[in-house]
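Novice: My structure is below; once you've seen it, I'll send some questions.
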Amino acid sequence: MSRPTLNDLSAFVAVATHRSFRRAADELGIAPSTLSHAMRALEERIGIRLLNRTTRSVSPTEAGLQFLATLRPALAALDGALDGVAGFRGNVAGTVRINAPRLGAVLLVRDILPLVAERFPDVTLDIVVEGKLVDIVSGGFDAGVRLDGSIPADMVTVPLGGAVRFVCVASPAYLERFGEPGTPEDLQRHRCIRHRLPGGKLYRWEFERAGQGVVVETGGSVILDDEELMADAAARGLGIAYLAHMAAEAALARGELRLVLEAWMPAPEGLSVYYPGHRAVPPALRAFLDVVRSTRRTAR
């Protein structure tokens, strides 16, 4: 049996992970037909069928799953070894393309970018601020930033800062005029600043108390798709807003906003940087991730 090449093994991991020749081919920068032929050649070379194919899908066989479980850490270790000696070529350099929502981008600019600029001056961070969930691989990004619950299961994650806490806020003037809601249901009688999601739908406000979840459809004459604008609108007395605490932090400190329904807010959710774990990690991306990890350790 002739040994398969490293390119063949990396290509198999991409196909088996994405379960799609098209998406794997987009990641690898080759044609799907070329990738399909390469996988057949790999199977013939080792004498084992690794993939089940239909006209609409592809999935690993039992042998393919076992092969995948072994290959992933082996390729990751190889990437680590290569990156470990990369420093002997000189300073780490390159561009890291990152897709992030506004909240994640704010954290990157505040906590990460200054350290990257200091430690790795030849690394460029190209951040695209986008609220919509995207496939970072097909979109040509090296990494993304999302709430943990929305990160695909096949990605490697690195926690970014602390957990994100969501709050309901209103201005003192609004609360003096209309009163303070005691329960989420009371919001039906209030003016609420609604949040349009990137896909076009209006966000339904989520609450939790004693393990019980409550979802409320709110009403109001103001609809925004930016949390900082929502905080500003609430501070101007236009209604109650539901947003990440960080977006309202400054206005809360100045007394322009007050927290409401604190006992009903859901548990904080983690925010992480994520990236594909089945392909080589370039030195510039690894340098960026090292900074993210170091800030996490310092925060503790």
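Each residue of the sequence shown is one higher than the last, beginning at 35 in this note's numbering.
Each residue gets a CB set at the ideal place from its N, CA and C atoms; glycine is no exception.
#1: Which residue wins for smallest C-alpha separation from L181, given the options L194, V171, T51?
#2: Could you tell me which whole alpha helix (DSSP H) segments of length 4 or greater appear in the segment 48-95?
#3: Rounded to a whole number of angstroms, what is the C-alpha to C-alpha distance between R90 and S44?
#4: If you reduce the DSSP assignment to three classes, tell me which class S44 lands in.
#5: For the candidate residues L293, R288, V163, A287, whose alpha-carbon lies nearest to that of I274?
#6: Would you be able to state if there are at least three C-beta pairs under 8 Å between the segment 219-233 and the segment 260-272?
#7: How many angstroms separate the CA atom of H52 from the CA atom of R238?
#8: Grouping DSSP H, G and I as helix and E and B as strand, with all else coil, what is E240?
#9: Work out the CA separation of H224 and F154 for me, nearest whole Å.
#10: Mapping DSSP to helix, strand and coil, what is A333?
#11: Evaluate L141 with the Cβ neighbour count: other Cβ atoms within 10 Å of its Cβ, from every protein chain shown; 16 or more gives buried, anything less gives exposed.
#12: Would you kindly report the start and end of the unbroken alpha helix (DSSP H) that includes L286?
#13: Please state whether the Cβ-Cβ distance between F55 and L69 is less than 8 Å.
#14: I need the DSSP call for E219, collapsed to helix, strand or coil.
#15: Applying the criterion that 16 or more other CB atoms from any shown protein chain within 10 Å of the CB defines a buried residue, is G174 buried or exposed?
#16: Quick one: is N133 buried, meaning 16 or more other Cβ sit within 10 Å of its Cβ, or exposed?
#17: Along the beta strand (DSSP E) that carries V168, what are the first and last residues, could you check?
#18: Return the bridge partner residues of A177 from the DSSP annotation.
#19: If we call anything under 8 Å between Cβ atoms a contact, is V130 one with A177?
#20: Looking only at DSSP bridge pairs, what is Y308 linked to?
#21: Less than 8 Å between the beta carbons of T95 and R79, yes or no?
#22: Just verifying my parser: in three-state terms, what is the DSSP assignment at F200?
#23: If you drop the 5 nearest sequence neighbours on each side, which residues of the same chain put their C-beta closer than 8 Å to that of V150?
#24: With H, G and I counted as helix, E and B as strand and the rest as coil, what does DSSP make of R37?
Specialist: Walking through what the data contain:
#1: L194
#2: 55-62, 66-80
#3: R90 and S44 have their C-alpha atoms roughly 22 Å apart.
#4: helix
#5: L293
#6: yes
#7: Note on geometry: alpha-carbon atoms of H52 and R238 lie some 31 Å from one another.
#8: strand
#9: 50 Å
#10: Because the pLDDT at A333 is just 44, under 50, the model does not fix this residue reliably, and the point stays unresolved.
#11: Classification of L141: buried, given that the 10 Å Cβ count is 16 or more.
#12: First-last of the alpha helix (DSSP H) with L286: 279-287.
#13: yes
#14: helix
#15: Under this definition G174 is an exposed residue.
#16: buried
#17: Neither: V168 is in no beta strand (DSSP E) and is coded neither H nor E.
#18: I132
#19: Pairing V130 with A177 gives a Cβ-Cβ distance under 8 Å.
#20: G178, T191
#21: no
#22: strand
#23: These residues qualify, in order along the chain: V157, L159, A321, F322, V325.
#24: coil
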